[in-house]
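> Just dropping this structure here.
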Amino acid sequence: MITLSVIVPVRDGEPYIADALTSLARNARADFEVIVIDDGSADATGEIVAEFRDELPALHVIRHSEAAGLASARNAGLRLASGRYVTFLDGDDWIGRGYLVSLVAAIDGLGCDFVRVDHVQSDGRKREPHRAPEARRDVVLDPRDAILPTGAKTMVDYPYAWAGVYRRELGDLLAFPEGLHTAEDRPWIWRLHQRAKSFAVVSLSGVFYRRGLPQSLTRIGDERQLHFFDAFDLVLAEAEEPYRPKAVRTFCALLANHLEMRDRLTPETAARFEERGAATLARLPADLVADALDALDPDRRALLRLS
1 MITLSVIVPV RDGEPYIADA LTSLARNARA DFEVIVIDDG SADATGEIVA
51 EFRDELPALH VIRHSEAAGL ASARNAGLRL ASGRYVTFLD GDDWIGRGYL
101 VSLVAAIDGL GCDFVRVDHV QSDGRKREPH RAPEARRDVV LDPRDAILPT
151 GAKTMVDYPY AWAGVYRREL GDLLAFPEGL HTAEDRPWIW RLHQRAKSFA
201 VVSLSGVFYR RGLPQSLTRI GDERQLHFFD AFDLVLAEAE EPYRPKAVRT
251 FCALLANHLE MRDRLTPETA ARFEERGAAT LARLPADLVA DALDALDPDR
301 RALLRLS
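Residue numbers (full-length UniProt numbering): 1 to 307.
Quick look at the structure:
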């Protein structure tokens, strides 16, 4: 029986995938499986992954002839997974020694639907710890109780799928919106917190997240950035009444952040981004938008009023 399935989506990961798989090999256990989804790589990613078959005996590889995006790649891994639990690792990140054993021990011991963890951000030689925004640790909680308050950073503002472990029996709750190339984790985390029954946060920080890579979608300025709106259309449509002010405020804050960095977008994408931002704001409840704008600093508020 497989205890844990580790899902590793990767595209053109030649510079980093060996680090990710080496870290998994150092965490290997007979009841752990690793599922790599090679999402249309045009470099040597596939060859590097194949070199790890001896070090990772329970290695499964899915090859997409064309890139389907991170959401679809993760879903392909979920469909193949056979573990009691599931976790994720992006192909350009890595984990510390002993991390997976600790992760399984945490969810085994707490007996909840999913467990979230802290992580370490890596930027060159710099390492910066990031805590999940929940002070209550090592105790089982209702996921809905971790969505509010509206004006504070909460667990739905910490959407990283790789920062946790999840019972595979959650089924469709673990699936990502197909076809999204960015912000796919936003509707995912909102749905999980509104529909799952229990979760916990533990003080475990074994994931090392590489920041600022050239191929990161945060640095790419093409039409894939417009998927931000597709993702938040789902969040806003599914947010239940008590949580709608939080969803609107989160959307406005992130929209302002994107507009501050619109120079990275192509001119055509920037124009479409502003159009879609204005259209979304126009159809949201005016009182909730007004409250969200009041919570922003004046410069960011002006950006939204001009969009």
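All residues carry an ideal CB built from backbone N, CA and C; glycine is no exception.
Would you list, in sequence order, the uninterrupted beta strand (DSSP E) runs of no fewer than 3 residues that lie entirely inside the region 191-275?
List check, beta strand (DSSP E) in window: 199-202, 207-210.
> Is R191 buried or exposed, if buried means 16 or more other CB atoms sit within 10 Å of its CB?
buried
> For a quick check, are the C-beta atoms of E241 and A71 less than 8 Å apart?
In this structure, E241 keeps its C-beta atom at 8 Å or more from the C-beta atom of A71.
> Counting along the chain, where does the alpha helix (DSSP H) carrying D291 start and finish?
Residues 286-294.
> Write down the C-beta distance between A292 and R249 rounded to the nearest angstrom, noting that I regard them as a contact closer than 8 Å.
4 Å
> Which whole runs of the beta strand (DSSP E) in the region 133-203 are 3 residues long or more, in chain order?
Listed in chain order, they are 164-167, 199-202.
> Kindly indicate which residue of E274, G77, G151, V120 has the alpha-carbon position closest to the one of R211.
Here the closest residue by C-alpha is V120.
> From what residue to what residue does the alpha helix (DSSP H) around E47 run?
45-50
> Just the Cα atoms here: how many angstroms apart are R79 and F228?
25 Å
> Could you check where the alpha helix (DSSP H) with Y99 kicks off and where it finishes?
99-110
> Candidates A256, V117, R301: which alpha carbon is nearest V202's?
V117
> Can you give me the start and stop residues for the alpha helix (DSSP H) that L4 sits inside?
Counted as a single uninterrupted DSSP element, the stretch harbouring L4 is not any alpha helix (DSSP H) but the beta strand (DSSP E) occupying residues 4-10.
> Among E51, M1, H60, which residue has its Cα nearest to the Cα of P9?
H60
> Looking only at its own chain, which residues have a Cβ that is under 7 Å from the Cβ of D123, when we skip the five neighbours before and after it?
R211, G212
> According to DSSP, what are the bridge partners of R116?
G164, V201
> Bridge partners of R127, per DSSP?
In the DSSP assignment, the residues bridged to R127 are S122.
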